Amino acid sequence: MSDSELIVALLVEDSAADARLVERQLESEEHVRFRVEWVETLAAALDRLAAGGVDVVLLDLNLPDSQGLESFERLYRAARAVPIVVMTGRRDARLALKAVGDGAQDYLVKQDVEPGLLVRSIRYAIERKQTELRLRESEERYSLAVSGANDGIWDWDVQRDRIYFSPRWKELLGYDAEEVGDRTEEWFGRVHPDDLDGLRKAISAHLSGQTAHLESEHRILHRNGTYRWMLTRGLAVVGESGAAQRIAGSLTDIHKRKMTEEELLHDAMHDPLTDLPNWALFMDRLNIAIAQSQRTTRQSFAVLFLDLDRFKNVNDSLGHAVGDKLLIAISRRLRALLRPGDTVARVGGDEFAVLVNGVDHPEDATRIAERIHEELARSFLVPGHEVFTSASIGIALSSAGYERAEDALRDADTAMYRAKSRGKAQHAIFDEAMHRRAVELLRLETDLRKALERQEFRLHYQPIVSLVTGRLEGFEALVRWQHPSRNLIYPDEFISVAEDTGLIVPIGWFVLAEACRQMARWRQAHAAAAGLAISVNLSGRQFVHSELIDRVEAALGENGLDPSKLRLEITESMIMADVGSAVHKLEHLKQIGVQLHIDDFGTGYSSLSYLSRLPTNTIKIDRSFVRHMEDENGRSHIVETIVALGRNLGMEVAAEGLETADQLAHLRRLRCQYGQGFYFSRPLDGEAAAALAASSPRW
Ligand code: C2E
Ligand code: CA
Ligand code: CA
């Protein structure tokens with residue numbers, strides 16, 4: 001309301017004298033311009049109001065056509081947006097007061113009116129009315145937009161610091177209407193201590209105009225003594241002065257939603273079987289630990305990666321139900337072992353990860369690993385069984401300066417493998433050497449791929465000699481890698497990586513084809529090579545590969561090689577992995593006519609009953625037995641036993657790793673048919689092997 005604004009006042013007054021008095025007072029006002037429109041009856045007043053443009057009504061309650069409060073009520077109903085100031089005589093003061101209670105903005109006793117007072121009253125009346133309208137508007141917006149039928153309503157008179165709580169509001173907290181007063185304490189006093197600060201901040205942010213509306217989720221104490229999640233929404237009503245006068249809104253019970261949210265969140269972050277944190281949550285916590293380790297405070301941590309030893313045995317022999325029970329029991333022990341701030345998570349079937357904070361020395365981490373070993377060493381009682389278990393533990397320490405959770409976990413995992421390779425219930429701390437080894441392996445893998453493309457693989461050939469005739473029988477093809485910048489690399493350095501990465505398959509097909517090609521060339525060149533056989537090592541991956549038969553047939557066909565001159569060396573473990581399909585494969589290969597030799601015999605574990613049914617021709621005694629043949633401790637008997645076994649099964653026996661004349665003499669006495677070893681010759685390159693064959697050697 002600026003000073004230049006014109007205020008239209010409708011004066012409803014049947015006394016001309018009183019009317020003139022008011023007119024004069026208003027028109028003499030210097031700062032506000034008034035236009036007074038005077039009517040004498042209620043009917044005329046209603047007509048004028050209907051036409052609009054009235055800013056304020058000055059009403060005498062006693063009119064020719066209407067008396068007392070009724071005059072006010074009828075006018076009020078007709079124009080709710082227009083403020084009404086009631087003018088009365090002293091006798092009617094009580095009535096006027098009642099009119100204010102019903103919605104009049106103010107009342108004035110005519111006899112006391114003086115110019116300033118009247119103007120002030122009118123101004124305030126207009127201002128208050130506007131505020132009231134805005135509030136009603138907002139409340140209407142509220143009931144439309146937010147507050148469902150189930151919501152409670154509150155209305156806080158900020159100036160007086162009183163709150164109106166609707167019956168429903170109280171009911172949401174378990175109270176009857178009379179049981180809750182109108183003090184703010186009734187609300188804030190029940191808000192959960194952890195949420196109170198947030199609520200107050202949200203309110204003051206809104207009151208200061210930082211937020212368009214108030215919205216806060218907090219827990220409120222229910223009468224039954226539990227906290228329930230509630231959503232409070234509200235809108236402030238700001239007066240002319242710019243200060244909030246009221247703030248009103250709704251209260252919604254969101255407890256159920258919150259609980260399901262929390263449940264969903266919990267489920268997403270936990271393993272359903274053990275209820276331990278899962279991989280995702282573990283990585284989350286680990287990332288936090290890493291962030292803390294990077295701060296100046298350098299909060300240290302350790303990651304322990306646990307893999308149960310032979311858990312599969314438990315599952316296979318006692319069943320999955322028992323396996324599950326064991327996992328649950330293990331989780332409990334692990335959890336009990338650790339401090340509240342530590343995290344133990346289940347990150348795989350039988351894998352757990354532990355994050356321990358404040359581990360400053362490797363010994364601290366080792367001590368934890370030892371405690372875990374001790375805990376797991378005590379037997380577990382799962383229904384019907386007493387089960388023993390152990391774990392291999394790998395440890396990674398924050399002192400390595402990790403920046404990513406994946407790296408810390410990977411190193412702990414690498415260390416775990418190291419621990420596992422040392423036997424059961426071991427632990428190992430990840431160190432630089434392991435790191436170098438891991439990097440090396442990675443480089444090796446890349447190099448192997450390139451080696452395949454660049455055809456850097458070569459074959460060497462080691463003679464196999466008939467111990468009966470002393471003549472050359474054939475050769476075993478052994479792969480080498482002619483690395484462009486290094487010496488010749490032997491299979492021990494790359495075969496296991498090639499196995500792990502699957503590269504052994506293409507490498508193996510190359511060996512098979514190349515060995516057959518070489519054989520064909522020799523046979524063309526030297527008559528002496530005509531009867532020689534070639535032995536080729538197969539990896540497990542090749543053995544189960546769908547292309548095996550095709551590859552073998554192609555290698556033979558393309559080189560015009562007699563199938564009986566090709567010997568495929570397979571190991572017991574390749575057969576035992578899946579006896580059924582192995583026997584099937586072997587039968588098929590036998591049909592083709594190739595010979596089948598069991599390599600490294602005695603190192604794996606095989607079943608004699610299976611062995612007797614295998615369509616294999618020859619057993620190769622592992623070189624570790626041959627080496628110890630002359631020892632006093634009975635290992636010589638193993639060679640003896642294997643030779644006898646072969647004879648009983650109708651198979652021939654070859655001894656590999658034959659290095660000395662004594663060994664040769666001993667094997668001949670045992671009537672072992674074939675020998676291979678440094679005593680005869682080291683593996684030779686193609687040329688040297690051909691020259692040897694051409695010389696028809698005799699041992
Ligand atoms: P293996 O099949 O048992 O091959 C015999 C290994 O014993 C060869 O090692 C050979 O050099 C070595 N050897 C021969 N005579 C003696 C001896 O008198 N004393 C000693 N101490 N050792 C002897 P190499 O060539 O290093 O091969 C190692 C292993 O690598 C092989 O053992 C075989 O398992 C694997 N391998 C070699 N070539 C291939 C291949 O083409 N494919 C697959 N899948 N594996 C291969
Ligand atoms: Ca072999
Ligand atoms: Ca062997």
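Numbering (our numbering), first residue to last: 1 to 699. Note that beta-carbon positions come from the ideal geometry of N, C-alpha and C, so glycine has one too. Here the structure is a predicted model, which is why all the values come from computation and not from measurement.
Residue R123 holds the alpha-carbon nearest to the alpha-carbon of V32 among Q111, R123, I592 and E587.
For F543, the number of other beta carbons within 10 angstroms of its own is at least 16, and it is reported as buried. For L281, the enclosing alpha helix (DSSP H) begins and ends at W279 to Q294.
Note on geometry: alpha-carbon atoms of R443 and P506 lie some 19 Å from one another. Buried is the label assigned to R285, since at least 16 other Cβ atoms lie within 10 Å of its Cβ. Proximity of the beta carbon of F311 to ligand 1 is not indicated: no heavy atom of the ligand is located closer than 7 Å. By the Cβ rule, the segment 375–387 does not count as touching the segment 395–403, because fewer than three pairs are nearer than 8 Å. DSSP places F311 within a helical segment (H, G or I) once states are collapsed to three. For Y164, the three-state secondary structure derived from DSSP is strand.
Put simply, the backbone Cα of T274 is about 18 Å away from that of L304. Nearest in C-alpha terms to L488, of all of G319, A451 and V158, is A451. Shown here, R33 sits in a strand according to DSSP, grouped into three states. In the displayed model, M230 falls within a strand according to three-state DSSP. In the three-state scheme derived from DSSP, where H, G and I count as helix and E and B as strand, N648 is classed as helix. With a threshold of 16 other beta carbon atoms within 10 Å, F388 falls short and is exposed. Shortest gap from the CB of D599 to any heavy atom of ligand 2: under 7 Å. In this structure, ligand 2 has no non-hydrogen atom nearer than 7 Å to the beta-carbon of E514.
DSSP places L589 within a helical segment (H, G or I) once states are collapsed to three. Only buried fits E514, as 16 or more other CB atoms lie within 10 angstroms of its CB. For the segment 431–507, the full-length beta strand (DSSP E) segments reaching 3 residues or more read 457–466 and 472–482 along the chain. The C-beta of Y164 has fewer than 16 other C-beta atoms within 10 Å across all chains shown, which makes the residue exposed. By the Cβ-count criterion, N224 is exposed, with fewer than 16 other Cβ atoms from all chains shown falling within 10 Å of its own Cβ.
Separation of the CB atoms of N278 and H266 is rounded to 10 Å, and the pair is thereby denied contact status at 8 Å. Not one heavy atom of ligand 1 sits closer than 7 Å to the Cβ of E374.
With a threshold of 7 Å, the Cβ atom of I619 does not count as near ligand 1, since no heavy atom of the ligand is closer than that. Counting only residues of its own chain and dropping the five nearest sequence neighbours on each side, H427 has a CB closer than 6 Å to the CB of A369, I393 and A419. Within 7 Å of the C-beta of E406 there is not a single heavy atom belonging to ligand 1.
Annotation: V579 to L614 spans about 10 Å, alpha carbon to alpha carbon. CA-CA distance, G234 to I247, rounds to 7 Å. Of the heavy atoms belonging to ligand 2, at least one sits nearer than 7 Å to the Cβ of E476.
Three or more pairs of CB atoms, one per stretch, sit closer than 8 Å, so the segment 115–134 contacts the segment 73–91. Annotation note: the segment 314–402 contains the following uninterrupted beta strand (DSSP E) runs of length 3 or greater, listed N- to C-terminal: 343–348, 351–357, 380–382, 385–387 and 391–397. In this structure, Q595 lies near R567, with their beta-carbon atoms less than 8 Å apart. For Q595, the enclosing beta strand (DSSP E) starts and ends at Q595 to F601. Restricting attention to beta strand (DSSP E) runs no shorter than 3 residues, the segment 236–276 encloses them at 244–253, ordered along the chain.
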